[in-house]
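Below: one structure, written as structure tokens.
In this note's numbering, the protein residues as written are 5 to 144.
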């Protein structure tokens, strides 16, 4: 049985995980750019109509934390996606691949604070397809 749909969804989800990794690493890079963050915080505070203001230190801490979460979620998504694609290729272990897809979907979505929803949707669909499809009986 061909598993082209599951493989395609897994590859697209893995590519999106790589993009999330790049975004997380960009946030890490922004952590070191204190001048740019100070300017951005000042612009937000000038344009904001609210009483409270955002300090550059708060913004730096938020960016660093989110960069860490996005990077962890991306690595989990990439590893589970690649392993699931390896296991589904050639219809070797579809149940294990489906489980890996579903675990990768849940973890990458929740850890990335819902930025990984597209990854989660693709992996969830691929995982359900892996678990639900039954091989055709071949009577000899």
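Cβ atoms here follow ideal geometry from the backbone N, Cα and C, with glycine treated the same way.
Looking at C-alpha atoms only, which residue of the options is the closest neighbour of residue i?
i, options, result
"residue 22", "91, 89, 74, 90", "74"
"residue 6", "84, 92, 20, 27", "92"
"residue 39", "24, 50, 27, 61", "61"
"residue 97", "71, 48, 137, 29", "137"
"residue 102", "87, 33, 50", "87"
"residue 24", "139, 119, 125, 43", "119"
"residue 135", "100, 34, 50", "100"
"residue 65", "33, 51, 47", "33"
Cutting at 7 Å between CB atoms, please list the residues of its own chain near residue i, excluding the five before and the five after it.
i, result
"residue 85", "14, 17, 18, 21, 108, 127"
"residue 95", "5, 7"
"residue 76", "115"
"residue 139", "5"
Determine the extent of the alpha helix (DSSP H) in which residue i is found, giving its start and end residues.
i, result
"residue 69", "60-92"
"residue 35", "8-35"
"residue 102", "98-115"
"residue 135", "121-136"
"residue 5", "It is not in any alpha helix (DSSP H) - residue 5 carries neither H nor E in the DSSP assignment."
"residue 118", "Run containing residue 118: none; DSSP gives neither H nor E here."
"residue 95", "Neither: residue 95 is in no alpha helix (DSSP H) and is coded neither H nor E."
Just confirm the distance between the C-beta atoms of residue i and residue j, as a whole number of angstroms; I'd bet it's less than 8 Å.
i, j, result
"residue 89", "residue 41", "About 38 Å separates the two Cβ atoms, so there is no contact after all."
"residue 81", "residue 123", "5 Å"
"residue 78", "residue 28", "6 Å"
So, at 6 Å on beta carbons, what are the nonlocal neighbours of residue i in its own chain, with the 5 sequence-adjacent residues on each side left out?
i, result
"residue 31", "67, 70, 71"
"residue 130", "10, 13, 14, 105"
"residue 63", "41, 45"
"residue 132", "none"
Tell me which residues share the same chain as residue i and place their Cβ nearer than 8 Å to its Cβ, disregarding the 5 neighbours each side in the sequence.
i, result
"residue 111", "77, 80, 81, 84"
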